Amino acid sequence: MGYALATLADSRRNNLRVVRLVAATAVIFAHSYGLNFGLAAERHEPLAALTGIDSGSLAVDVFFVASGFLVGRSLLRGRDPIDFLLSRALRIYPALICAVLAMAFLLGPTVTTLSLRDYFHDQWLYRFLLFDTTMLSPGRFVAGLPGVFKDLPYRPFVAGSLWTLPWELWMYGILLGLFLARGFGRAYPILLGILAVAFAAIELHLWQAGIFLTPLISFLALFHAGVCAYRYRDNIILSWPIFASLSLAMIVVNVATQSPLLLPIWLAYAVLFVSYYPPLVIERWCDGPDYSYGIYIYAYAVQQTLIWRFGPMPDLPHFLLAWGLTMPFAIVSWHLIEKPALGLKERLRRRRHVPPAVVEATV
Numbered sequence: 055m056g057y058a059l060a061t062l063a064d065s066r067r068n069n070l071r072v073v074r075l076v077a078a079t080a081v082i083f084a085h086s087y088g089l090n091f092g093l094a095a096e097r098h099e100p101l102a103a104l105t106g107i108d109s110g111s112l113a114v115d116v117f118f119v120a121s122g123f124l125v126g127r128s129l130l131r132g133r134d135p136i137d138f139l140l141s142r143a144l145r146i147y148p149a150l151i152c153a154v155l156a157m158a159f160l161l162g163p164t165v166t167t168l169s170l171r172d173y174f175h176d177q178w179l180y181r182f183l184l185f186d187t188t189m190l191s192p193g194r195f196v197a198g199l200p201g202v203f204k205d206l207p208y209r210p211f212v213a214g215s216l217w218t219l220p221w222e223l224w225m226y227g228i229l230l231g232l233f234l235a236r237g238f239g240r241a242y243p244i245l246l247g248i249l250a251v252a253f254a255a256i257e258l259h260l261w262q263a264g265i266f267l268t269p270l271i272s273f274l275a276l277f278h279a280g281v282c283a284y285r286y287r288d289n290i291i292l293s294w295p296i297f298a299s300l301s302l303a304m305i306v307v308n309v310a311t312q313s314p315l316l317l318p319i320w321l322a323y324a325v326l327f328v329s330y331y332p333p334l335v336i337e338r339w340c341d342g343p344d345y346s347y348g349i350y351i352y353a354y355a356v357q358q359t360l361i362w363r364f365g366p367m368p369d370l371p372h373f374l375l376a377w378g379l380t381m382p383f384a385i386v387s388w389h390l391i392e393k394p395a396l397g398l399k400e401r402l403r404r405r406r407h408v409p410p411a412v413v414e415a416t417v
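In terms of this note's numbering, the sequence shown is residues 55 to 417.
Structure below.
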C-alpha cells in the first residue's frame with residue numbers, strides 16, 4: 055500500500071525527531087573509533103568496512119537531507135524571508151553560543167597544557183570564540199583551543215564535529231537567495247539537473263572541484279534532495295516496493311561505478327519513508343524534547359575529554375560512556391536554551407503578524 059507524501063508532509067505525526075536522534079548518536083559511535091585510535095581506526099568502523107561510508111558521514115548526510123526537507127517546507131509554506139531568518143537564527147545560535155563559551159571558558163582552562171595567563175592571551179582562543187559563535191565561513195572554522203588535547207591519538211580538536219554548521223548556514227542562505235530570485239518555478243528543475251551533473255562529475259572523478267566546491271556541491275545535492283522532496287511532494291508516493299527498488303538501484307549503481315551516485319535521491323526517500331510512512335510512525339515519540347542538536351554540539355568535546363582523562367579505550371565502552379555523559383548536556387541545552395529560544399520565536403512571530411493595536415492591548 056502506498057501513501058502520497060503530499061498528505062503527510064505537513065503533519066506533526068512523523069519520526070523525524072527519532073531519525074535525528076539516531077543520526078546524532080551515530081556520529082558519537084563513528085567518532086569512538088577514530089578518536090581513540092587515530093585515523094587508521096576509522097576504516098574499521100563496521101559500516102565503513104562494509105560499504106566504504108562510515109556511520110558518522112552517513113549521519114551527517116541524513117542531517118542535511120532532513121534539514122533540506124524541513125527548512126524548505128518552512129520557507130515554501132510560510133513564504134516570509136524575515137520569519138525564515140529569525141527561525142533559523144534562534145534554532146542554531148543560542149545553543150551554539152553557549153556550547154562554544156563552555157568549551158572556551160570551562161573546558162579549555164581545565165585541560166590546557168598552557169598556563170592560564172598564556173591560554174587567555176593566545177589569539178586562537180579569540181579566533182575560536184569569534185568564528186565558532188558566528189559560523190559564517192567554512193574556511194574560518196576553528197576546531198581547537200590553545201594547548202588543549204595536544205597529545206591525544208586524533209587531531210587536537212575540541213569542536214571537531216561542528217565543521218558542518220557553516221555549510222548548513224550556507225545552505226540556508228542559498229535557499230533564501232533562490233526563493234527571493236523566484237528560483238522554485240520553472241527554473242528549479244534545470245538547476246537541479248545542473249547540480250546532479252556536477253555531483254556525478256565529482257563522484258566519478260571526472261572533475262577535480264577543489265576543497266571548497268567539492269563539499270559545497272555534495273551538501274547542496276543532499277540538502278536539495280530534501281527541498282526537492284517537499285517541492286514535488288504531490289508526485290511522491292511512499293511505499294515498500296518503491297523503497298526496495300530504489301535501494302536495489304542504489305546498490306547496483308554503487309557496485310558498478312564504485313561511487314554513491316544515487317545517494318542523495320535514495321537517502322531522501324529513505325529518510326522520508328522511515329519518518330512519514332504511517333505504519334512506521336511511533337505516535338508517542340512524535341512530540342516531546344529534541345535532544346539531537348545538543349548531542350551533536352557537545353559530544354565531540356565529551357569524547358575527547360574522556361580520552362584525555364582515561365586514555366584510549368575499546369570503541370563500544372567508549373561509545374556507551376560518551377553517549378551517557380553527553381545526554382545531560384543535551385537535556386540541559388534543550389530545556390534551558392533551545393526550547394525557550396523556540397518559544398521566543400513563536401512570540402516574535404505572533405507579534406509580527408498581529409496588528410499593532412492588538413499588541414498594545416495585549417501588553
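Backbone N, C-alpha and C define an ideal beta-carbon position, used for all residues, glycine too. Bear in mind that the values here come from a model prediction, so they are computed numbers and not experimental data.
Fill in: Residue ranges of each beta strand (DSSP E) within the segment 300-371, 3 or longer
none
Worksheet item: Taking the alpha carbon of leucine 183 as the point to measure from, which residue in Leu168, Leu199, Gly193, Ser169 has its own alpha carbon closest?
Response: Leu199
Item to complete: Below 6 Å CB to CB, which residues in the same chain sit around valine 119 once its five sequence neighbours on both sides are set aside?
Response: Leu276, Ala279, Gly280, Leu321, Ala322, Val325
Worksheet item: Between which two residues does the alpha helix (DSSP H) carrying alanine 107 extend?
Response: Alanine is not the amino acid found at residue 107; the sequence shown has isoleucine there. Note, isoleucine 107: premise wrong, no alpha helix (DSSP H); not H, not E.
Discussion item. Is the beta carbon of phenylalanine 238 closer than 8 Å to that of leucine 232?
Written reply: yes
Worksheet item: In terms of alpha-carbon separation, which member of Ala353, Ala63, Phe91 lies closest to proline 207?
Response: Phe91
Worksheet item: Over what stretch of residues does the alpha helix (DSSP H) that includes phenylalanine 83 continue unbroken?
Response: 70-91
Worksheet item: Can you tell me where the alpha helix (DSSP H) with alanine 143 in it begins and where it stops?
Response: 135-156
Worksheet item: Can you check whether the CB of valine 251 is closer than 8 Å to the CB of valine 202?
Response: no
Discussion item. Under DSSP, the alpha helix (DSSP H) around arginine 236 begins and ends at which residues?
Written reply: Unbroken run through arginine 236: none, as it is neither H nor E.
Worksheet item: Between glycine 342 and arginine 74, what straight-line distance do the alpha-carbon atoms span, to the nearest angstrom?
Response: 13 Å
Item to complete: Measure the Cβ-Cβ separation of aspartate 369 and alanine 60 and say whether it is below 8 Å.
Response: no
Discussion item. Would the segment 373-388 count as touching the segment 354-361 if we require 3 or more Cβ pairs under 8 Å?
Written reply: yes
Item to complete: Give the secondary structure of leucine 9 by DSSP, where H, G and I count as helix, E and B as strand, and everything else as coil.
Response: For residue 9 there is no data in the structure shown, the boundaries of the chain being 55 and 417.
Item to complete: Count the CB pairs spanning the segment 107-126 and the segment 74-85 that are closer than 8 Å, and state whether there are at least three.
Response: yes
Fill in: histidine 85 burial status per 10 Å Cβ neighbour count (16 or more: buried)
buried
Worksheet item: Within 10 angstroms of its Cβ, does leucine 292 collect 16 or more other Cβ (buried), or is it exposed?
Response: buried
Worksheet item: If you draw a straight line from the C-alpha of phenylalanine 373 to the C-alpha of phenylalanine 253, how long is it?
Response: 33 Å
Discussion item. Which of the three DSSP states is assigned to isoleucine 290 in this structure?
Written reply: coil
Worksheet item: By a C-beta neighbour count over all protein chains shown, 10 Å radius and 16 as the cutoff for buried, is aspartate 344 buried or exposed?
Response: buried
Worksheet item: So what's alanine 197 in DSSP terms, helix, strand or just coil?
Response: coil
Worksheet item: Would a C-beta distance cut-off of 8 Å place phenylalanine 392 and glycine 348 closer than the cut-off?
Response: According to the sequence displayed, residue 392 carries glutamate and not phenylalanine. It is a contact, given that the beta carbons lie within the stated cut-off.
Worksheet item: In the DSSP assignment, what are the bridge partners of tyrosine 57?
Response: Leu292
Worksheet entry | proline 371 versus leucine 70: straight-line alpha-carbon distance, rounded | 28 Å
Discussion item. If I follow the unbroken alpha helix (DSSP H) through arginine 285, where does it start and stop?
Written reply: 264-285
Worksheet item: serine 215 and tyrosine 350 look like a contact to me (Cβ under 8 Å); what is the Cβ gap, rounded to whole Å?
Response: 6 Å
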